[in-house]
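J.: So the protein lines, in turn, are chains D and Z. Numbering that gives the first Met the number 0 applies: residue 0 is where the first sequence begins, and numbers increase by one. Numbering that gives the first Met the number 0 applies: residue 0 is where the second sequence begins, and numbers increase by one. Each residue gets a CB set at the ideal place from its N, CA and C atoms; glycine is no exception.
There are 2 protein chains.
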Amino acid sequence: MTSPAAALTQVRDRVDYALQAFLGSQRDVLLAAGDELLPGFEAVSGLLAGGKRLRPAFCYWGWRGAGGPDGPAIINAAAALELLHAGALVHDDLMDASDTRRGRPSLHRQFEAYHAGRRWHGSPAAFGTGMAILLGDLLLCWTDAMFHASGLPGGALRRGQPILDLMRTEVFAGQYLDLLGQAAGDGTLESALRVVEYKTTKYTIERPLHLGAALAGVEPGGGLVAAYTGYGLPLGTAFQLRDDILGVFGDPAQTGKPAGDDVREGKHTVLLAIARARATSPQAAVIDRYLGDPLLDAAGTAEVRAAIAGTGAVAECEAMIGRRVTEAVAALAAAPITGEAREALTALAVAATARDG
Amino acid sequence: MTSPAAALTQVRDRVDYALQAFLGSQRDVLLAAGDELLPGFEAVSGLLAGGKRLRPAFCYWGWRGAGGPDGPAIINAAAALELLHAGALVHDDLMDASDTRRGRPSLHRQFEAYHAGRRWHGSPAAFGTGMAILLGDLLLCWTDAMFHASGLPGGALRRGQPILDLMRTEVFAGQYLDLLGQAAGDGTLESALRVVEYKTTKYTIERPLHLGAALAGVEPGGGLVAAYTGYGLPLGTAFQLRDDILGVFGDPAQTGKPAGDDVREGKHTVLLAIARARATSPQAAVIDRYLGDPLLDAAGTAEVRAAIAGTGAVAECEAMIGRRVTEAVAALAAAPITGEAREALTALAVAATARDG
Chain D
0 MTSPAAALTQ VRDRVDYALQ AFLGSQRDVL LAAGDELLPG FEAVSGLLAG GKRLRPAFCY
60 WGWRGAGGPD GPAIINAAAA LELLHAGALV HDDLMDASDT RRGRPSLHRQ FEAYHAGRRW
120 HGSPAAFGTG MAILLGDLLL CWTDAMFHAS GLPGGALRRG QPILDLMRTE VFAGQYLDLL
180 GQAAGDGTLE SALRVVEYKT TKYTIERPLH LGAALAGVEP GGGLVAAYTG YGLPLGTAFQ
240 LRDDILGVFG DPAQTGKPAG DDVREGKHTV LLAIARARAT SPQAAVIDRY LGDPLLDAAG
300 TAEVRAAIAG TGAVAECEAM IGRRVTEAVA ALAAAPITGE AREALTALAV AATARDG
Chain Z
0 MTSPAAALTQ VRDRVDYALQ AFLGSQRDVL LAAGDELLPG FEAVSGLLAG GKRLRPAFCY
60 WGWRGAGGPD GPAIINAAAA LELLHAGALV HDDLMDASDT RRGRPSLHRQ FEAYHAGRRW
120 HGSPAAFGTG MAILLGDLLL CWTDAMFHAS GLPGGALRRG QPILDLMRTE VFAGQYLDLL
180 GQAAGDGTLE SALRVVEYKT TKYTIERPLH LGAALAGVEP GGGLVAAYTG YGLPLGTAFQ
240 LRDDILGVFG DPAQTGKPAG DDVREGKHTV LLAIARARAT SPQAAVIDRY LGDPLLDAAG
300 TAEVRAAIAG TGAVAECEAM IGRRVTEAVA ALAAAPITGE AREALTALAV AATARDG
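(1) Report yes or no: is there a C-beta of chain D within less than 8 Å of the C-beta of Met319 of chain Z?
(2) At a Cβ cut of 9 Å, what residues of the stretch 211-243 of chain D count as close to chain Z, listed as they run along the chain?
(3) Counting only beta-carbon separations shorter than 8 Å, does Arg168 of chain D have a partner in chain Z?
(4) By Cβ distance, which residues of its chain are closer than 7 Å to Leu18 of chain D, with the 5 residues on each side in sequence left out?
(5) Measuring alpha carbon to alpha carbon, tell me which of D:His84, D:Ile74, D:Ala144, D:Tyr175 ends up nearest Ala215 of chain D.
(6) Count the other CB atoms within 10 Å of the CB of Ser149 of chain D; is the residue buried (16 or more) or exposed (fewer)?
(7) Using a Cβ cut-off of 7 Å, pull out every chain D residue sitting near Gly45 of chain Z, in sequence order please.
(8) Keeping to the same chain, check which residues put their C-beta closer than 7 Å to that of Arg275 of chain Z; ignore five residues upstream and five downstream.
(9) Does the stretch 333-349 of chain Z touch the stretch 293-308 of chain Z, meaning 3 or more C-beta pairs lie closer than 8 Å?
(10) Which residue comes first and which comes last in the alpha helix (DSSP H) that contains Gly246 of chain Z?
(11) Which chain Z residues are close to Phe126 of chain D, counting only those with a beta carbon under 8 Å from its beta carbon?
(12) Following the continuous alpha helix (DSSP H) through Thr254 of chain D, name the residue where it begins and the one where it ends.
(13) Compare the Cα-Cα distances from Tyr289 of chain Z to each of Z:Gly309, Z:Asp260, Z:Cys316 and report the closest residue.
(14) Specify, as a first and last residue, the run of the alpha helix (DSSP H) that Gly23 of chain D falls within.
(15) Please determine, among D:Gly49, D:Gly235, D:Met319, D:Ala301, the residue with the shortest C-alpha to C-alpha distance to Val247 of chain D.
(16) Could you have a look at Arg101 of chain D and say whether DSSP puts it in helix, strand or coil?
(17) Looking only at its chain, what residues have a beta carbon closer than 7 Å to the beta carbon of Ala124 of chain Z, apart from the 5 residues adjacent to it on each side?
(18) Using Cβ-Cβ distances below 7 Å, what residues of the stretch 92-118 of chain D are close to chain Z?
(19) Please report how far the alpha carbon of Ala340 of chain D lies from the alpha carbon of Gly66 of chain D, in whole angstroms.
(20) How would you write the range of the alpha helix (DSSP H) that Asp292 of chain Z sits in, first residue to last?
(21) For Gly311 of chain D, which residues from the same chain have a beta carbon less than 7 Å from its beta carbon, with the 5 sequence-adjacent residues on both sides left out?
(22) Sorted by chain position, which residues of the same chain lie with C-beta nearer than 6 Å to His107 of chain D's C-beta, five sequence neighbours on each side aside?
(23) In or out: Ser280 of chain Z buried (at least 16 other Cβ within 10 Å) or exposed?
(24) Relative to the C-alpha of Thr199 of chain Z, which candidate in Z:Cys58, Z:Leu234, Z:Ala32, Z:Pro104 has its C-alpha closest?
(25) Please classify Gly154 of chain D as buried or exposed, where buried requires at least 16 neighbouring CB atoms within 10 angstroms.
(26) I want to verify the contact list: residues of chain D whose CB lies under 7 Å from the CB of His147 of chain Z, in sequence order.
(27) Taking one C-beta from the stretch 4-24 of chain Z and one from the stretch 261-275 of chain D each time, how about it: are there three or more such pairs within less than 8 Å?
(28) Report yes or no: do three or more beta-carbon pairs, one from the stretch 190-197 of chain Z and one from the stretch 165-175 of chain Z, lie closer than 8 Å?
(29) Taking Cβ positions, are Glu357 of chain D and Thr228 of chain D nearer each other than 8 Å?
(30) Answer yes or no: does any C-beta atom of chain Z fall closer than 8 Å to that of Val28 of chain D?
(31) Between the Cα of Trp62 of chain D and the Cα atoms of D:Ala343, D:Val349, D:Ala351, which residue gives the shortest distance?
(32) Along the chain, where does the alpha helix (DSSP H) containing Glu196 of chain Z start, and where does it finish?
(33) Gln172 of chain D CB to nearest chain Z CB: under 8 Å?
(34) Using only alpha-carbon positions, find the residue among D:Gly338, D:Val269, D:Cys58, D:Ala213 that is nearest to Leu192 of chain D.
(35) According to DSSP, is Trp119 of chain D part of a helix, a strand, or is it coil?
(36) Quick one: what's got a C-beta closer than 6 Å to Gly49 of chain Z's C-beta in the same chain, skipping five residues either side?
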């Protein structure tokens with residue numbers, strides 16, 4: 000049996016290598032415009048050095064499950080999803096005014112400090128914002144460069160392109176609904192789950208699997224694509240529920256984000272929707288007091304953690320995670336995929352939902 | 000002879016139609032995630048309704064000049080560049096804190112007002128920023144969706160992809176150098192020209208022509224590609240110099256931007272670099288007083304216009320434009336292109352540099 004840890008690291012190490020090679024090729028293109036591009040290149044390289052490579056792993060196993068042969072080309076194509084993800088994270092951190100990502104300052108904070116340290120003209124914050132917008136854009140556009148230079152045959156890329164396009168439109172739709180929900184949302188579980196469906200579930204698991212299958216020549220509408228949906232949708236929700244729990248209760252050393260960050264940022268997560276629905280009046284008062292408070296400190300974090308846990312919402316989320324992982328793994332049982340892929344995807348389901356960070 | 004106006008409108012009307020059809024196809028994909036996506040869709044549709052379609056025109060004539068046949072597929076592929084450009088404009092306006100684009104409020108201002116009018120939670124400005132980041136991202140990603148669904152054969156798209164990738168990396172490199180120049184630049188003509196080369200010249204003219212040629216099967220390194228560079232580089236600089244003049248002296252009814260906007264935003268343009276190099280002390284004092292002043296009003300605009308014109312910088316820029324257009328057109332004379340393309344590109348050179356807005 001593949002262990003959950005091995006299921007992640009096997010693909011991750013190869014994706015890391017592919018990303019390094021791609022970055023090497025782009026370094027020269029960027030620096031041709033001027034040596035001043037180097038800090039920008041180094042910032043995106045630093046960001047890309049981290050990450051669990053979940054989306055590439057699901058794309059890779061979506062391909063292998065459909066009978067696609069192992070080799071560097073599918074790793075390159077799958078690794079391109081990591082560039083899309085990094086670009087989305089840079090822009091997400093900017094929108095959320097997050098200070099930290101993967102244990103380092105977020106890109107806009109890095110360039111804000113860079114500007115401030117040099118006493119340049121204008122506002123350091125505006126400079127940081129501009130750099131994060133541009134470097135995020137660059138990462139998004141690099142997705143296609145790496146995907147199309149992957150070495151996969153033209154016919155495979157042509158079949159994959161519409162899935163990649165759909166995946167991007169869906170994730171931006173999910174982020175849009177999330178932003179709208181934070182401004183004008185009803186805070187219900189239903190709204191939170193719809194954001195999760197678009198922003199996380201489809202984007203992280205279902206579409207990467209579908210992309211791998213399409214690249215391998217599987218037509219839409221068949222049993223394999225349906226099986227990947229049957230696995231991906233419950234697993235994606237379970238993945239996000241784990242993220243929700245880590246966003247309140249996670250250890251910063253593991254998550255790379257400050258403690259209680261989701262509370263501080265006032266995120267409308269499923270965990271918080273359940274907590275609010277179950278809360279007694281005193282518990283609700285504590286949650287409402289701290290939710291969206293940018294000055295939330297360690298004492299406040301401890302208090303809001305106790306209130307949320309006291310509602311039973313964490314236990315309910317853990318039970319939901321367990322049921323959905325079981326459902327996801329069951330969908331693999333009858334799926335027309337290779338035995339090796341079934342084993343790896345089973346291990347990945349555990350790795351994606353039992354993690355600490 | 001093709002008139003300059005006709006050279007623009009012939010391709011523009013077909014590009015408009017192609018963009019409408021593409022937007023229609025994406026509307027359903029977006030609204031599948033929720034009806035709440037409609038205002039975002041309408042905002043990008045409104046932005047895409049305007050524009051001179053210069054980049055698609057150069058891509059189209061790059062293809063036709065290389066002997067590519069007319070038809071809807073090349074129009075679709077060329078129109079995809081307008082999605083890239085619209086995405087870059089949305090993010091550019093956000094970075095520059097511009098209020099206006101194509102005669103309408105910029106996207107971040109539209110959504111700021113949308114939020115403020117509904118008295119939602121949080122900051123209207125942060126909501127506007129988030130929406131502009133997301134909708135710009137969506138437009139950037141749609142570039143590839145439209146390009147690959149253009150109907151051009153797979154072999155053509157494979158040849159074009161590296162040029163499209165290079166074009167995007169170059170334009171972001173140019174924007175990065177521009178942002179850096181505004182924070183820490185030396186204000187010299189040399190620095191301003193390098194930003195122009197990457198942010199405008201290659202992006203607006205040279206690479207769209209190269210993309211059209213690559214799609215039509217022309218190998219890099221041949222005489223046609225060199226001729227397009229010989230035409231594109233001087234013309235791109237002339238195009239930007241016209242933009243620089245309009246950015247200080249343009250009529251808002253024609254440019255769709257407020258009067259004197261480049262001065263208000265403290266842009267390091269070639270026109271301003273020349274003006275500063277030529278200025279007497281009193282002229283330099285006027286320019287320095289207003290450059291980057293967000294409160295620049297009509298009286299200040301008139302004063303700074305007089306100071307810049309008084310240096311002779313406008314006349315020098317006009318002479319530079321004239322020389323570069325002549326150089327661009329001369330590069331076409333010996334180019335191995337069709338007569339129809341030579342005539343259209345000659346007319347486009349005039350249309351791109353003699354415009355009022």
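T.: Put simply:
(1) Within the second sequence, numbered from 1, the residue matching residue 319 of chain Z stands at position 320. Chain D, which has no Cβ nearer than 8 Å to the Cβ of Met319 of chain Z, makes this no.
(2) none
(3) Numbered from its first residue, the first sequence carries residue 168 of chain D at position 169. A small correction: the amino acid at residue 168 of chain D is Thr; Arg does not occupy that position in the sequence shown. With 8 Å as the cut-off, Thr168 of chain D counts as an interface residue toward chain Z.
(4) Numbered from its first residue, the first sequence carries residue 18 of chain D at position 19. Closer than 7 Å at the Cβ level, and outside the excluded window around Leu18 of chain D, lie Leu47, Ala78, Glu81.
(5) Counted from its first residue, the first sequence places residue 215 of chain D at position 216. Answer by Cα proximity: D:Ile74.
(6) To locate residue 149 of chain D, count along the first sequence from 1; it is residue 150. The residue is buried, with at least 16 neighbouring Cβ atoms inside 10 Å.
(7) What you label residue 45 of chain Z is simply residue 46 of the second sequence in a count that begins at 1. Per Cβ cutoff of 7 Å: no residues; Gly45 of chain Z is ~16 Å from chain D at best.
(8) Against the second sequence, residue 275 of chain Z aligns to sequence position 276. In chain order, Gly186, Ala283, Ile286 place their CB closer than 7 Å to the CB of Arg275 of chain Z, counting only its own chain and leaving out the 5 sequence neighbours on each side.
(9) no
(10) What you label residue 246 of chain Z is simply residue 247 of the second sequence in a count that begins at 1. Per DSSP, Gly246 of chain Z belongs to the alpha helix (DSSP H) from 222-248.
(11) Sequence index remark: in the first sequence, residue 126 of chain D carries index 127 (1-based). Going along chain Z in sequence order, the residues near Phe126 of chain D (Cβ under 8 Å) are Leu178, Ala182.
(12) Your numbering for residue 254 of chain D matches position 255 in the first sequence. Run containing Thr254 of chain D: 251-254, per the alpha helix (DSSP H) assignment.
(13) For this step, residue 289 of chain Z is matched to residue 290 along the second sequence. Cα-wise, what sits closest to Tyr289 of chain Z is Z:Asp260.
(14) For this step, residue 23 of chain D is matched to residue 24 along the first sequence. 3-31 is the extent of the alpha helix (DSSP H) around Gly23 of chain D.
(15) Translated into positions along the first sequence, residue 247 of chain D becomes position 248. Of D:Gly49, D:Gly235, D:Met319, D:Ala301, the residue nearest in Cα terms is D:Ala301.
(16) In the first sequence, residue 101 of chain D corresponds to position 102, counting from 1. DSSP places Arg101 of chain D in coil when its eight states are reduced to three.
(17) Reading the second sequence from its first residue, position 125 is the one you call residue 124 of chain Z. Here the set comprises Glu111.
(18) Leu93, Met94, His114, Arg117
(19) In the first sequence, the residue the question calls residue 340 of chain D occupies position 341. In the first sequence, the residue the question calls residue 66 of chain D occupies position 67. C-alpha separation (whole angstroms): 9 Å.
(20) Counting from 1 along the second sequence, the entry for residue 292 of chain Z is found at position 293. Where Asp292 of chain Z is concerned, there is no enclosing alpha helix (DSSP H), given that its DSSP letter is neither H nor E.
(21) Taking the first sequence and counting its residues from 1, the one referred to as residue 311 of chain D is at position 312. Excluding positions up to five away in sequence, the list reads Arg277.
(22) Numbered from its first residue, the first sequence carries residue 107 of chain D at position 108. Leu93, Gly127, Thr128, Ala131.
(23) Against the second sequence, residue 280 of chain Z aligns to sequence position 281. So Ser280 of chain Z counts as exposed.
(24) Locating residue 199 of chain Z in the second sequence gives position 200, where the first residue counts as 1. Taking only the C-alpha atoms, the option nearest Thr199 of chain Z is Z:Leu234.
(25) As a first step, residue 154 of chain D must be located in the first sequence, where it is residue number 155. Flag for Gly154 of chain D reads exposed.
(26) Within the second sequence, the letter at position 148 stands for residue 147 of chain Z. Chain D residues near His147 of chain Z: Gln160.
(27) The stretch 4-24 of chain Z vs the stretch 261-275 of chain D: no contact.
(28) These segments touch.
(29) Nothing about residue 357 of chain D can be reported from this structure: the residues present for chain D run from 0 to 356 only.
(30) Reading the first sequence from its first residue, position 29 is the one you call residue 28 of chain D. Yes, Val28 of chain D counts as interfacial toward chain Z.
(31) Residue 62 of chain D sits at position 63 when you count from the first residue of the first sequence. When each option's Cα is compared against that of Trp62 of chain D, the closest is D:Ala343.
(32) Locating residue 196 of chain Z in the second sequence gives position 197, where the first residue counts as 1. Premise fails: Glu196 of chain Z is in no alpha helix (DSSP H) and is neither H nor E.
(33) Along the first sequence, one-based indexing puts residue 172 of chain D at 173. The residue you asked about is not Gln; residue 172 of chain D is Ala in the sequence shown. Taking Cβ atoms only, chain Z reaches closer than 8 Å to Ala172 of chain D, which makes this a yes.
(34) Along the first sequence, one-based indexing puts residue 192 of chain D at 193. Just measuring C-alpha positions, the residue of D:Gly338, D:Val269, D:Cys58, D:Ala213 sitting nearest Leu192 of chain D is D:Val269.
(35) For the purposes of this step, residue 119 of chain D is identified with residue 120 of the first sequence, where counting begins at 1. If DSSP states are grouped into helix, strand and coil, Trp119 of chain D belongs with coil.
(36) To locate residue 49 of chain Z, count along the second sequence from 1; it is residue 50. If the five residues before and after Gly49 of chain Z are omitted, its C-beta is found closer than 6 Å to the C-beta atoms of Arg101, all from its own chain and listed in chain order.
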